[in-house]
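Visitor: Those sequence lines, one after another, are chains U and A. This note's numbering applies: residue 1 is where the first sequence begins, and numbers increase by one. This note's numbering applies: residue 224 is where the second sequence begins, and numbers increase by one. Here a beta-carbon is modelled for each residue, glycine too, at the ideal position from N, C-alpha and C. All values reported here derive from a predicted model rather than from experimental measurement.
Protein chains: 2
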Amino acid sequence: MTQIMDTAEALFAEEGYNGVTFNRLAEVAGVDASLLRYYFGDKEQLFQAVFRRRGPELNQARLKSMAAYRESAGKNLQLEGVLDALVRPGFLLMAQDEGWRNYMAIVAYVNSSRGPMHALFAETFHYVSREFIADLRRIYPNVTEEEIYWSYLFMTGALTFSISGTKRIDALSNGLVSTSDTMGVFHRFPIAMAGAIRALCERPEAVRPPRTRKSRRANTARD
Amino acid sequence: MTQIMDTAEALFAEEGYNGVTFNRLAEVAGVDASLLRYYFGDKEQLFQAVFRRRGPELNQARLKSMAAYRESAGKNLQLEGVLDALVRPGFLLMAQDEGWRNYMAIVAYVNSSRGPMHALFAETFHYVSREFIADLRRIYPNVTEEEIYWSYLFMTGALTFSISGTKRIDALSNGLVSTSDTMGVFHRFPIAMAGAIRALCERPEAVRPPRTRKSRRANTARD
DNA sequence: GTCTATACGGCGATAGAC
DNA sequence: GTCTATCGCCGTATAGAC
Numbered sequence: 001m002t003q004i005m006d007t008a009e010a011l012f013a014e015e016g017y018n019g020v021t022f023n024r025l026a027e028v029a030g031v032d033a034s035l036l037r038y039y040f041g042d043k044e045q046l047f048q049a050v051f052r053r054r055g056p057e058l059n060q061a062r063l064k065s066m067a068a069y070r071e072s073a074g075k076n077l078q079l080e081g082v083l084d085a086l087v088r089p090g091f092l093l094m095a096q097d098e099g100w101r102n103y104m105a106i107v108a109y110v111n112s113s114r115g116p117m118h119a120l121f122a123e124t125f126h127y128v129s130r131e132f133i134a135d136l137r138r139i140y141p142n143v144t145e146e147e148i149y150w151s152y153l154f155m156t157g158a159l160t161f162s163i164s165g166t167k168r169i170d171a172l173s174n175g176l177v178s179t180s181d182t183m184g185v186f187h188r189f190p191i192a193m194a195g196a197i198r199a200l201c202e203r204p205e206a207v208r209p210p211r212t213r214k215s216r217r218a219n220t221a222r223d
Numbered sequence: 224m225t226q227i228m229d230t231a232e233a234l235f236a237e238e239g240y241n242g243v244t245f246n247r248l249a250e251v252a253g254v255d256a257s258l259l260r261y262y263f264g265d266k267e268q269l270f271q272a273v274f275r276r277r278g279p280e281l282n283q284a285r286l287k288s289m290a291a292y293r294e295s296a297g298k299n300l301q302l303e304g305v306l307d308a309l310v311r312p313g314f315l316l317m318a319q320d321e322g323w324r325n326y327m328a329i330v331a332y333v334n335s336s337r338g339p340m341h342a343l344f345a346e347t348f349h350y351v352s353r354e355f356i357a358d359l360r361r362i363y364p365n366v367t368e369e370e371i372y373w374s375y376l377f378m379t380g381a382l383t384f385s386i387s388g389t390k391r392i393d394a395l396s397n398g399l400v401s402t403s404d405t406m407g408v409f410h411r412f413p414i415a416m417a418g419a420i421r422a423l424c425e426r427p428e429a430v431r432p433p434r435t436r437k438s439r440r441a442n443t444a445r446d
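1. Within 9 Å (strictly less), CB to CB, does A/Ala233 reach chain U?
2. Can you say whether A/Glu232 is buried or exposed, counting buried as having 16 or more other CB atoms within 10 angstroms of its CB?
3. What separation, rounded to the nearest whole angstrom, lies between the Cα atoms of A/Phe377 and U/Phe154?
4. For the segment 149–182 of chain U, which segments carrying the alpha helix (DSSP H) assignment without a break, of at least 4 residues, lie completely within its bounds, in sequence order?
5. Against chain U, does A/Glu267 count as a neighbour if the rule is that its beta carbon must be under 9 Å from one of theirs?
6. When the Cα of U/Arg203 is compared with those of A/Ile371, A/Lys298, A/Ile414, A/Leu248, which residue comes out closest?
7. Suppose the cutoff is 7 Å on Cβ atoms and the five residues either side in sequence are ignored; what does the same chain contact list for A/Ala444 look like?
8. Which residues of chain U have a Cβ atom closer than 8 Å to the Cβ of A/Glu346, listed in chain order?
9. Buried or exposed: where does A/Ser295 fall if 16 or more other Cβ atoms within 10 Å of its Cβ makes it buried?
10. Might you give, ordered along the chain, the residues of its own chain that have their beta carbon closer than 6 Å to the beta carbon of A/Asn365, omitting 5 neighbours on each side?
11. Taking 8 Å as the cut-off, does the segment 101–121 of chain U touch the segment 12–25 of chain U (at least 3 CB pairs, one atom from each stretch)?
12. Using 10 angstroms around the beta-carbon of A/Pro312, count the other beta-carbons present and answer buried if the total reaches 16, otherwise exposed.
13. Per the contact definition of three or more C-beta pairs closer than 8 Å, is the segment 272–284 of chain A in contact with the segment 31–51 of chain U?
14. Should A/Glu321 be flagged as near chain U, meaning a C-beta pair shorter than 9 Å?
15. Check whether the Cβ of A/Met416 lies closer than 9 Å to any Cβ atom in chain U.
16. How about U/Glu146 and A/Leu399: are their beta carbons less than 9 Å apart?
17. In angstroms, rounded to a whole number, what distance separates the CA positions of U/Ser215 and A/Phe235?
18. Under 8 Å, with one C-beta from each stretch per pair, do the segment 415–423 of chain A and the segment 295–308 of chain A reach the 3-pair mark?
19. Which residues in the same chain have their Cβ closer than 8 Å to the Cβ of U/Met117, if we skip the five residues on either side of it in sequence?
20. Which two residues bound the contiguous alpha helix (DSSP H) that contains U/Ala33?
21. Between U/Lys75 and chain A, is there a C-beta pair that is closer than 9 Å?
22. Between which two residues does the alpha helix (DSSP H) containing A/Arg431 stretch?
23. Could you name the residues of chain A that U/Glu146 contacts, counting a contact when the two beta carbons are closer than 9 Å?
24. Would you decide whether U/Tyr152 is buried or exposed? Buried here means 16 or more other CB atoms lie within 10 Å of its CB.
25. Report all residues from its chain with a CB closer than 7 Å to the CB of U/Val128; omit the five preceding and five following residues, and keep chain order.
26. With a threshold of 9 Å between beta-carbons, can U/Asp6 be considered close to chain A, or not?
27. Mind checking whether U/Ser173 and A/Tyr372 have CB atoms under 9 Å apart?
28. Closer than 8 Å by C-beta to A/Ala331: which residues in its own chain qualify, once you throw out the five before and the five after it? Chain order, please.
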């Protein structure tokens with residue numbers, strides 16, 4: 001059962017949802033296709049089962065990690081800290097377990113797809129995204145909502161690509177740098193993305209007009 | 224002919240390579256499947272034709288834009304400038320043309336995929352990537368190769384996700400921010416990614432030991 | 001629970017009429 | 001160049017024997 005899902009996970013990670021057939025899935029897993037059906041239903045249900053299997057564990061770890069950082073930082077939240085807290089659990093799991101690497105590739109696949117898989121992704125990940133966005137707001141209470149979401153866009157794009165398991169950078173750099181160097185990615189990700197978010201949110205244009213009554217926010221470029 | 228490729232482009236952008244069948248492609252394009260074969264060969268050849276159609280135009284525009292920026296900046300290259308020069312042509316094309324938006328989604332799809340499509344992507348885009356990386360080296364001559372490639376990884380990830388045409392941010396932000404606001408993405412992308420690259424490359428650990436013959440390499444991280 | 005047999009449709013691909 | 005006819009295969013899915 002676990003073995004079947006591991007196999008499905010690996011295949012979906014490698015070839016995407018449409019790249020694998022139900023029968024081949026059964027064949028590679030070494031079970032009869034009918035048996036696979038008996039357990040999981042049709043192909044879509046199997047995919048959903050794979051997608052959902054590790055989601056709660058990852059989310060709980062992330063929420064716990066983020067809460068712990070908030071606790072330790074008190075009023076003094078740092079970008080690097082909230083970013084590290086967000087991605088640490090995932091990268092640590094990826095670093096030690098191939099199943100997790102495959103799972104992350106599937107998450108990246110779904111996140112990069114259009115269409116009906118949106119719902120599946122949202123169901124699992126939107127809550128954590130909102131928690132992270134709430135942290136950004138705490139760090140930048142005077143920055144517009146828009147700029148917070150733009151920041152999130154670039155952050156999540158870089159993250160998605162980093163966990164997708166493509167070997168693009170390996171090829172470009174002739175193996176000097178590889179996304180399979182999970183800890184190398186993990187170490188740099190919060191640094192880079194903190195820089196990106198800072199650059200976006202600390203522009204004068206990113207600041208919203210104060211909602212307080214006595215508007216002292218004069219001379220900014222755009223109010 | 225052009226019309227056929229536009230249709231194929233739109234379908235591949237929406238559903239990915241494996242999400243579309245050759246017959247449906249013909250049906251939606253309003254031509255007989257045999258005719259489609261007569262023109263393009265099999266499905267893979269059609270996909271390649273679509274992928275290659277706009278590549279040279281985009282690349283030439285990028286190389287020109289990058290050369291123009293180098294020219295204007297002289298010895299004083301800025302991160303924002305090289306980033307802007309790199310992505311400007313693509314975003315401008317996307318902003319005015321749906322075909323280009325579809326094409327970019329396909330590029331993002333291929334870039335996010337594992338497997339044999341690597342070659343197709345590399346053939347078209349590696350050259351420009353190397354040009355961009357060369358610019359990064361000019362800006363940071365003392366930064367390690369590794370750090371340059373890590374910078375490129377996060378940059379290209381954010382870019383890939385930004386052009387992929389998913390509506391994830393639209394959903395998260397309840398429509399406040401949308402990746403279909405091409406100019407909004409374009410405007411912020413160089414700012415954000417310059418911040419990211421700066422954060423990575425201006426750490427002391429990112430600096431490499433000097434390569435001069437009188438190697439004083441000793442104990443300093445910074446030279 | 002597990003495997004066999006089988007239905008049916010759609011897929012990619014070819015031959016050939018016009 | 002364009003369309004019809006048709007092939008064999010593989011896809012998902014079901015019924016039912018053991």
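Guide: Judging by the given coordinates:
1. By this cut-off, A/Ala233 is not an interface position.
2. buried
3. 9 Å
4. 168–172
5. no
6. The shortest C-alpha separation from U/Arg203 is found at A/Ile414.
7. With a pLDDT of only 48 at A/Ala444, under 50, the local geometry of the prediction cannot be trusted, and no value is derived from it.
8. Neighbours of A/Glu346 in chain U, taken as residues at a C-beta separation under 8 Å, are lacking, since the least C-beta distance is about 12 Å.
9. Per the 10 Å Cβ criterion, exposed.
10. Residues Val430 of the same chain have their beta carbon placed closer than 6 Å to that of A/Asn365, with the five preceding and five following residues left out of the count.
11. yes
12. buried
13. Because the criterion of three Cβ pairs below 8 Å is not met, the segment 31–51 of chain U and the segment 272–284 of chain A do not touch.
14. no
15. yes
16. Contact: yes.
17. Because the pLDDT at U/Ser215 is just 48, under 50, the model does not fix this residue reliably, and the value given afterwards should be weighed accordingly. Computed Cα separation, rounded: 51 Å.
18. yes
19. Tyr17, Val110
20. 33–40
21. no
22. From DSSP, A/Arg431 is part of no alpha helix (DSSP H); its letter is neither H nor E.
23. Ordered by position in chain A, the residues that pass the 9 Å Cβ test against U/Glu146 are Ser396, Leu399, Val400, Gly407.
24. buried
25. Only Asn59, Arg62, Leu63 meet the Cβ criterion.
26. no
27. yes
28. Thr383, Phe384, Ile386, Ser387, Gly388
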